[in-house]
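J.: Each residue of the sequence shown is one higher than the last, beginning at 1 in this note's numbering.
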Amino acid sequence: MNGNHFYIKGNVVTDKKIEEGMLIEIKEGKIIFVGKQAENYRLNIPCYEAEGWICPGFIDTHIHGLNGHDFMDGTKEGFYRIQDGLPYFGVTSFLSTSRAAPLEDLKTFLLLNKQVAEEKRKGAHLLGVHLEGPWINPKYKGAQRAEYMKAPFQEDTDFIIRLAGDMLRIVTLAPELPKAMKLIQILNEGKVAVSAGHTDATYEEIQEAIGKGLTRMTHCFNAMAPISHRKLAAAFAALDLKALHCEIIADGFHVHPKMIGFLYKMKGADNITLISDCTGTNQLPDGCHRIGGKIINKKDGKVTLLDGRLAGSSLTLNKAVQYIVDRCNITLEEAVQMATYNPAAVCGVADRKGRIALGYDADLVLLSRELEVQNTILAGEFVL
Numbered sequence: 001m002n003g004n005h006f007y008i009k010g011n012v013v014t015d016k017k018i019e020e021g022m023l024i025e026i027k028e029g030k031i032i033f034v035g036k037q038a039e040n041y042r043l044n045i046p047c048y049e050a051e052g053w054i055c056p057g058f059i060d061t062h063i064h065g066l067n068g069h070d071f072m073d074g075t076k077e078g079f080y081r082i083q084d085g086l087p088y089f090g091v092t093s094f095l096s097t098s099r100a101a102p103l104e105d106l107k108t109f110l111l112l113n114k115q116v117a118e119e120k121r122k123g124a125h126l127l128g129v130h131l132e133g134p135w136i137n138p139k140y141k142g143a144q145r146a147e148y149m150k151a152p153f154q155e156d157t158d159f160i161i162r163l164a165g166d167m168l169r170i171v172t173l174a175p176e177l178p179k180a181m182k183l184i185q186i187l188n189e190g191k192v193a194v195s196a197g198h199t200d201a202t203y204e205e206i207q208e209a210i211g212k213g214l215t216r217m218t219h220c221f222n223a224m225a226p227i228s229h230r231k232l233a234a235a236f237a238a239l240d241l242k243a244l245h246c247e248i249i250a251d252g253f254h255v256h257p258k259m260i261g262f263l264y265k266m267k268g269a270d271n272i273t274l275i276s277d278c279t280g281t282n283q284l285p286d287g288c289h290r291i292g293g294k295i296i297n298k299k300d301g302k303v304t305l306l307d308g309r310l311a312g313s314s315l316t317l318n319k320a321v322q323y324i325v326d327r328c329n330i331t332l333e334e335a336v337q338m339a340t341y342n343p344a345a346v347c348g349v350a351d352r353k354g355r356i357a358l359g360y361d362a363d364l365v366l367l368s369r370e371l372e373v374q375n376t377i378l379a380g381e382f383v384l
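(1) Grab the span of the beta strand (DSSP E) containing residue 78 for me, first residue to last.
(2) Considering only the alpha carbon of each residue, which of 359, 318, 331, 327 lies closest to residue 57?
(3) With a cut-off of 8 Å on the beta carbons, I'd call residue 163 and residue 107 a contact; round off their distance for me.
(4) For the putative contact between residue 176 and residue 137, defined by C-beta atoms under 8 Å, what is the C-beta separation to the nearest angstrom?
(5) Quick check: the Cα distance between residue 179 and residue 152, rounded to an integer number of angstroms?
(6) Mark residue 65 as exposed unless 16 or more other C-beta atoms lie within 10 angstroms of its C-beta, in which case mark it buried.
(7) Check whether the segment 346-360 and the segment 33-52 touch, using three or more Cβ-Cβ pairs below 8 Å as the test.
(8) On the criterion of 16 or more Cβ atoms from any shown chain inside 10 Å, does residue 25 qualify as buried, or is it exposed?
(9) Who does residue 56 pair with in a DSSP beta bridge?
(10) Which residue comes first and which comes last in the alpha helix (DSSP H) that contains residue 196?
(11) What's the gap between the Cα of residue 126 and the Cα of residue 259?
(12) Helix, strand or coil: how does DSSP classify residue 385 here?
(13) To the nearest angstrom, how far is it from the Cα of residue 17 to the Cα of residue 117?
(14) With which residues is residue 289 paired in a DSSP beta bridge?
(15) Between which two residues does the alpha helix (DSSP H) carrying residue 372 extend?
(16) Nearest CA to the CA of residue 131: which residue from 123, 149, 222?
(17) List the whole-angstrom C-beta distance separating residue 343 from residue 61, where the pair is believed to meet the contact cut-off of C-beta under 8 Å.
(18) State the Cα-Cα distance for the pair residue 54 and residue 46, rounded to the nearest angstrom.
(19) Residue 276 and residue 313 - do their beta-carbons sit closer together than 8 Å?
(20) Using only the alpha-carbon positions, how far apart do residue 365 and residue 376 sit?
(21) By Cβ distance below 8 Å, which residues in the same chain neighbour residue 219 in space, the five residues on each side in sequence not counted?
(22) Using only the alpha-carbon positions, how far apart do residue 181 and residue 221 sit?
(23) What residue range does the alpha helix (DSSP H) around residue 340 cover?
(24) Given a threshold of 16 other Cβ atoms within 10 Å of its Cβ, counted over all protein chains shown, does residue 291 qualify as buried or as exposed?
(25) Assuming residue 338 contacts residue 243 under a Cβ cut-off of 8 Å, what Cβ separation, rounded to an integer in Å, is found between them?
(26) With a cut-off of 8 Å, do at least 3 Cβ pairs link the segment 192-211 to the segment 231-240?
(27) Leaving out five residues before and five after residue 393 in sequence, what residues of the same chain have Cβ atoms less than 8 Å from its Cβ?
(28) Note the first and the last residue of the continuous alpha helix (DSSP H) segment covering residue 264.
(29) Residues in the same chain with beta-carbon distance under 8 Å from residue 384, minus the five sequence neighbours each way, listed in chain order, please.
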């Protein structure tokens, strides 16, 4: 049902609430009415009746790839294929996410982001960049390559920040590295969100970093020192410090569902963002594959290097929402908040995305009662 003016009727999930029997009026890519009835409701305007749930479009702020493609492959075609594929999983906006790599590869990645954003093509909206590396700690490298990790020395940081420009939304770094505290302060002053990840920081170093402008934890509990009752480190800081907003990979492999539930009890829905951390393996069959420059093994949805270390995920954001509702005792309305408004806020677009409200972009996902994606609406156009 493509067109510049139509209605959708159904049960709306937004702002941590469910409103049943709502009418949404969409015109020229914007929401122009949300309510029980519209005074100007006209029978000559098409109306779509949703059987399940009408949610804001999902926003993935930490995704490396999709459907066999990776943002660091260095091709515009890869960006296109990811953009075109994401709406099938309910994702209407995203941040392209890098990894530790040679400076020349990061330069290519950042330039491609600018070029693709300027094209304003159809597909999921590219909102900016999440830079994950190179300023991370080799001790908790995960599946990233240690030889490309480094302390944030000024020559490199100036070059990368200048090249990224206003596309830069989130930087993941290890606060304990030399000169990292200064970089946190610089990024914070530039209104870039700073997230601790791939880090061996102590609790005290995380506290110090918060004072400089740290606000987030990258894929919480993964690639950081675990919780201990004797030596407090980043994972405990994530739970304990109210200033920290936490990413979580809800796929059943990265974090136990009980720990996700505990994080939710400690932080609340407003301080958690669901991410996929997908490495492009979501549609690959079980077995060994070369993707993102390395050999990985996929088995029953779990993605590892050949030595058994987790290598990102094959998760998509719709499945993360489904997982925490089914397995973590989190309500649908709060799960949706973690995949919509919360990521919109860190991207600086919460005034137009992440909610179903008057004046907002008509980016919506229609879910079945079983939380499967039935259709996605991008800028007022049905995609599926």
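We put the CB at the ideal spot given by N, CA and C, even for glycine. None of these values were measured; they are calculated from a predicted model.
T.: On the basis of the data shown:
(1) Taken as a continuous stretch (DSSP letters only), residue 78 belongs to no beta strand (DSSP E), being part of the alpha helix (DSSP H) at 76-85.
(2) Checked all of 359, 318, 331, 327; the closest Cα to residue 57 is 318.
(3) With 8 Å as the limit, residue 163 and residue 107 qualify as a contact, their Cβ atoms being about 6 Å apart.
(4) About 7 Å; that satisfies the 8 Å criterion.
(5) Approximately 6 Å, taken between the alpha carbons.
(6) Residue 65 should be labelled buried.
(7) The count of Cβ pairs closer than 8 Å, one atom from the segment 346-360 and one from the segment 33-52, reaches three, so the stretches are in contact.
(8) Residue 25 comes out buried.
(9) Assignment of beta-bridge partners to residue 56 by DSSP yields 364.
(10) In this chain, residue 196 is not harboured by any alpha helix (DSSP H); it is covered by the beta strand (DSSP E) spanning 193-196.
(11) Cα to Cα, the separation comes out at about 31 Å.
(12) This structure gives no information on residue 385, because the portion of the chain shown stretches from 1 to 384.
(13) C-alpha separation (whole angstroms): 33 Å.
(14) Looking at the DSSP assignment, residue 289 forms a beta bridge with 296.
(15) Where residue 372 is concerned, there is no enclosing alpha helix (DSSP H), given that its DSSP letter is neither H nor E.
(16) Of the residues 123, 149, 222, the one whose Cα lies closest to the Cα of residue 131 is 149.
(17) Yes, residue 343 and residue 61 are in contact; Cβ-Cβ is about 5 Å, under 8 Å.
(18) So the alpha carbons of these two residues sit roughly 17 Å apart.
(19) Annotated as proximal: residue 313 and residue 276, with beta-carbon spacing under 8 Å.
(20) Taking C-alpha positions only, residue 365 is separated from residue 376 by approximately 4 Å.
(21) Within the same chain, and ignoring the five residues on either side of residue 219 in sequence, the residues whose Cβ sits closer than 8 Å to its Cβ are 62, 197, 247, 248, 249, 254, 275, 277.
(22) Cα to Cα, residue 181 sits roughly 21 Å from residue 221.
(23) Neither: residue 340 is in no alpha helix (DSSP H) and is coded neither H nor E.
(24) Residue 291 is buried by the Cβ-count criterion.
(25) The pair is not a contact, with the Cβ atoms about 18 Å apart (cut-off 8 Å).
(26) The segment 192-211 makes contact with the segment 231-240; the number of CB pairs closer than 8 Å reaches 3 or more.
(27) Outside the modelled stretch of the chain, which goes from 1 to 384, sits residue 393, for which no answer is possible.
(28) Run containing residue 264: 257-267, per the alpha helix (DSSP H) assignment.
(29) So the qualifying residues of the chain are 87, 88, 373, 374, 375, 376.
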